[in-house]
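Residue numbers (the working numbering): 2 to 261.
We put the CB at the ideal spot given by N, CA and C, even for glycine.
One structure is given here, and the rest of the page talks about it.
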Amino acid sequence: MQQIMGYGWGNNMNEEKRPFLETKDIYKSFGHVEALKGVSMNAYEGEVLAIVGDNGAGKSTLIKILSGVLKPDSGVICIDGREYCGLTSRKAIEEGVSTVYQDLALGNTMDVTSNLFLGSELTKCGFLKKKKMNEEARRLLDDLDIQIPDVTVPVGDLSGGQRQGVAVARLVHNGGRLLIFDEPTAAMGLNESNAVLRLIKKLAGEGLTVIIISHNLPHVFHISDRICVMRQGRVIRELRTEATEMDEVVAMITGAVTTD
Ligand SMILES: Nc1ncnc2c1ncn2[C@@H]1O[C@H](COP(=O)(O)OP(=O)(O)OP(=O)(O)O)[C@@H](O)[C@H]1O
Ligand SMILES: [Mg+2]
2 MQQIMGYGWG NNMNEEKRPF LETKDIYKSF GHVEALKGVS MNAYEGEVLA
52 IVGDNGAGKS TLIKILSGVL KPDSGVICID GREYCGLTSR KAIEEGVSTV
102 YQDLALGNTM DVTSNLFLGS ELTKCGFLKK KKMNEEARRL LDDLDIQIPD
152 VTVPVGDLSG GQRQGVAVAR LVHNGGRLLI FDEPTAAMGL NESNAVLRLI
202 KKLAGEGLTV IIISHNLPHV FHISDRICVM RQGRVIRELR TEATEMDEVV
252 AMITGAVTTD
């Protein structure tokens, strides 16, 4: 947590930041399907980068390569200055890359605190320091503005948005530096999605790099600093959100405009 709090990037000028993540010419095929055809893109510290594109554009394939779930056929991934030709999931986690999926890998029968401290439990003489962990869990959730009244309830009893919040809090607790959300607000209510969007913005404001994949363009325009448009396995344009109209992005996604 200490790792990411207090960076305090004050603006969105990418020239003043360095890319936390760079991909260079990534190719990936599944049999005869070329899912990625030379993808090069950057994500900077302290920004929210939205990746948009039609079904089958290659977004999830790219994300799986970034989180080490899939190995690219060729190309390089550079994280915080270190180059990888193929990242393993383990290495990606060590580098602070974490992906939050809609279907979250949380222990539903365990309470909120146990989920947050999974693998890093506080103990004294072999006994769990449950009270201290509950206090720290409370502080962490409050810091992140995640609305969970009771940290001792099983995660399975929480709403989708609250569970998403626990997944994010666990990541912050573990010191993640690149946070990837695959369709975070699909299947979420208005209040829940607003809370998740606020949280994403807040984390980027504290210096984390956030990548969000979404088909929801109003959400994308609400929270992103930049938009990366993918079509048919390629990045066809990287745009600054504030200098872009939603119609332009729709046209690029659908192929109604040609891009060079
Ligand atoms: N495991 C796989 N085996 C075979 N083909 C795959 C596999 N995963 C993805 N593909 C193919 O690669 C292409 C890109 O798929 P991908 O899932 O990356 O798209 P996407 O942009 O995430 O789409 P969506 O918005 O629908 O989630 C598609 O043509 C898809 O059918
Ligand atoms: Mg997908």
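- Inter-residue Cα distance where the pair is G206 and K125: Rounded to whole angstroms, G206 to K125 spans 35 angstroms at the Cα level.
- Task: Could you name the residues that DSSP lists as bridge partners for L180?
- Result: Looking at the DSSP assignment, L180 forms a beta bridge with S99, V211.
- Query: Whose CA, out of S75, D226, V236, V230, lies closest to the CA of A244?
  - Reply: If you compare the alpha carbons of S75, D226, V236, V230 with that of A244, the shortest gap goes to D226.
- How many whole angstroms separate the CB atoms of P73 and I64, which I take to be in contact at a CB cut-off of 8 angstroms? About 12 angstroms separates the two Cβ atoms, so there is no contact after all.
- Item | C-alpha gap between Q233 and D26, whole angstroms | Straight-line Cα distance between these residues: approximately 15 angstroms.
- Message: Determine whether the beta carbon atoms of G59 and L88 lie at a separation below 7 angstroms.
- Response: Contact: no.
- Task: Please indicate yes or no: does the CB of S61 lie closer than 6 angstroms to some heavy atom of ligand 2?
- Result: For ligand 2, at least one heavy atom lies less than 6 angstroms from the Cβ of S61.
- Task: Give the single residue among L204, M231, G256, E246 whose Cα lies nearest to the Cα of A36.
- Result: Closest option to A36, Cα to Cα, is M231.
- When you compare only the Cα positions, how much space is there between I201 and V49? Those two C-alpha atoms are separated by around 8 angstroms.
- Item | Segments of 3+ residues assigned as beta strand (DSSP E) that fall wholly inside the region 42 to 108 | Listed in chain order, the complete beta strand (DSSP E) runs (minimum 3 residues) inside the region 42 to 108 are 49 to 54, 75 to 80, 83 to 85, 98 to 101.
- Query: Between which two residues does the beta strand (DSSP E) carrying D26 extend?
  - Reply: Start and end: 20 to 31.
- Nearest-angstrom Cα distance between D144 and K203? D144 and K203 have their C-alpha atoms roughly 10 angstroms apart.
- Skipping 5 residues on each side, what residues in its chain have a beta carbon closer than 8 angstroms to that of A196? Here the set comprises D146, I147, Q148, G162, G166.
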